[in-house]
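Residue numbers (my numbering), protein chains in the order written: chain A, 80 to 192; chain B, 941 to 1052.
C-beta: ideal position from N, C-alpha, C; glycine also.
Only a predicted model underlies this, so the values are computations on that prediction, with no experimental measurement involved.
A short write-up of the structure that comes next.
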Amino acid sequence: AQSVTQPDIHITVSEGASLELRCNYSYGATPYLFWYVQSPGQGLQLLLKYFSGDTLVQGIKGFEAEFKRSQSSFNLRKPSVHWSDAAEYFCAVGASYGNKLVFGAGTILRVKS
Amino acid sequence: ETGVTQTPRHLVMGMTNKKSLKCEQHLGHNAMYWYKQSAKKPLELMFVYSLEERVENNSVPSRFSPECPNSSHLFLHLHTLQPEDSALYLCASSRAGQNEAFFGQGTRLTVV
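This is the structure we're talking about:
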């Protein structure tokens, strides 16, 4: 069965500092991987996705993520965090064909000035 | 028009009421989903419709009843809910067979 682990429930970083949010997945075949962001009271917005090819993928708002098959990880990074990045971030995994995403529990990012 | 629109945004209902949540997508997709997001819990997939047929029902209580009249519209009919059903209900859509889902802003449901 698919599963996603986001080890950090909360992370606090200073504005302008770099950010890395961790995501580990369990899946028997080649996974499709996603990062979503959710602001309070809002729906989920897709930040980026990995299907195949280059293991470093670029997304919106200056985010990137790297797929490491050997570590079953898909960590999200940003070189310089802005106060508007404060939100909850969800990693998700899905099959190459299907209609089911499995989400992690989320990581709440706080940005201090 | 935003891609996926949910109405209402907020709903307060008594345990004996009947209400419906509505979702509409303008992305040309043909799969639609209902998710439940409760505090301190991962997103729970409730129902999936693909090509207007229900393809997934994750052991959801019968007090939740989905309806997908066409590929652009999805409803969640609610009746005799419990306080523990209070949550953010998210609708999403995608192309059939693809996992890249686009979400609406959700309906915040409070059962009193």
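Name the residues in the stretch 173-190 of chain A whose C-beta lies less than 9 Å from a C-beta of chain B; which are they?
-> Taking a C-beta cut-off of 9 Å against chain B, the contacting residues of the stretch 173-190 of chain A are Gly173, Ala174, Ser175, Tyr176, Gly177, Asn178, Lys179, Leu180, Val181, Phe182, Gly183, Ala184, Gly185, listed in chain order.
Just the C-alpha distance for aspartate 1025 of chain B and phenylalanine 987 of chain B, rounded to the nearest angstrom, thanks.
-> If I take the Cα positions, the gap works out to 15 Å.
In chain B, which residues lie with their C-beta within 8 Å of the C-beta of glutamine 121 of chain A?
-> Residues of chain B passing the Cβ test: Gln1045, Gly1046.
Alpha-carbon to alpha-carbon, serine 149 of chain A and cysteine 170 of chain A = Cysteine 170 of chain A and serine 149 of chain A have their C-alpha atoms spaced approximately 18 Å apart.
Kindly say whether tyrosine 106 of chain A, judged by its beta-carbon, lies nearer than 8 Å to any beta-carbon of chain B.
-> Among the CB atoms of chain B, none fall inside 8 Å of the CB of tyrosine 106 of chain A.
Name the DSSP bridge partner or partners of tyrosine 973 of chain B?
-> Looking at the DSSP assignment, tyrosine 973 of chain B forms a beta bridge with B/Val988, B/Ala1032.
Taking 8 Å as the CB-CB cut-off, is tyrosine 111 of chain A touching chain B?
-> So yes, tyrosine 111 of chain A belongs to the interface.
Listed in chain order, which residues of the stretch 960-977 of chain B have Cβ atoms closer than 8 Å to some Cβ of chain A?
-> Answer set for the stretch 960-977 of chain B: Ala971, Tyr973.
Cross-chain neighbours of leucine 1030 of chain B in chain A, by beta carbon under 8 Å = The contacting residues are Gly122, Leu123.
Comparing the C-beta of leucine 1016 of chain B with each C-beta of chain A, is any distance below 8 Å?
-> For leucine 1016 of chain B, the closest Cβ of chain A is not nearer than 8 Å.
Roughly how far, in whole angstroms, is the beta-carbon of proline 948 of chain B from the beta-carbon of threonine 1047 of chain B, given that I think they are within contact range, below 8 Å?
-> With a Cβ gap of about 6 Å, proline 948 of chain B and threonine 1047 of chain B count as contacting.
By DSSP, does arginine 949 of chain B sit in helix, in strand, or in coil?
-> Of the three classes helix, strand and coil, the one that applies to arginine 949 of chain B here is coil, per DSSP.
Going by C-alpha distance, which of A/Glu167, A/Lys147, A/Trp162, A/Val181 is nearest lysine 191 of chain A?
-> Taking only the C-alpha atoms, the option nearest lysine 191 of chain A is A/Trp162.
Kindly give me the distance between the Cβ atoms of cysteine 1031 of chain B and tyrosine 973 of chain B, rounded to whole angstroms, as I take these residues to be in contact under 8 Å.
-> The Cβ separation is near 7 Å, so the contact holds.
Under 9 Å from the C-beta of lysine 140 of chain A: neighbouring residues of chain B | What lysine 140 of chain A touches in chain B: nothing, since even the nearest Cβ is about 16 Å away.
Lysine 140 of chain A by DSSP, collapsed to three states: which one?
-> In the three-state DSSP reduction, lysine 140 of chain A falls in the helix class (H, G or I).
Would you mind sorting aspartate 133 of chain A into buried or exposed? The rule is 16 or more other CB atoms within 10 Å of its CB.
-> Exposed, by the Cβ-count rule.
Residues in its own chain within less than 6 Å of glutamate 167 of chain A by CB, not counting five upstream and five downstream?
-> Counting only residues of its own chain and dropping the five nearest sequence neighbours on each side, glutamate 167 of chain A has a CB closer than 6 Å to the CB of Gln117, Gly185, Ile187.
Excluding sequence positions up to five away, which residues of its chain have a Cβ less than 8 Å from the Cβ of valine 903 of chain B?
-> Limits of chain B in this structure are 941 at one end and 1052 at the other, which puts residue 903 of chain B out of reach.
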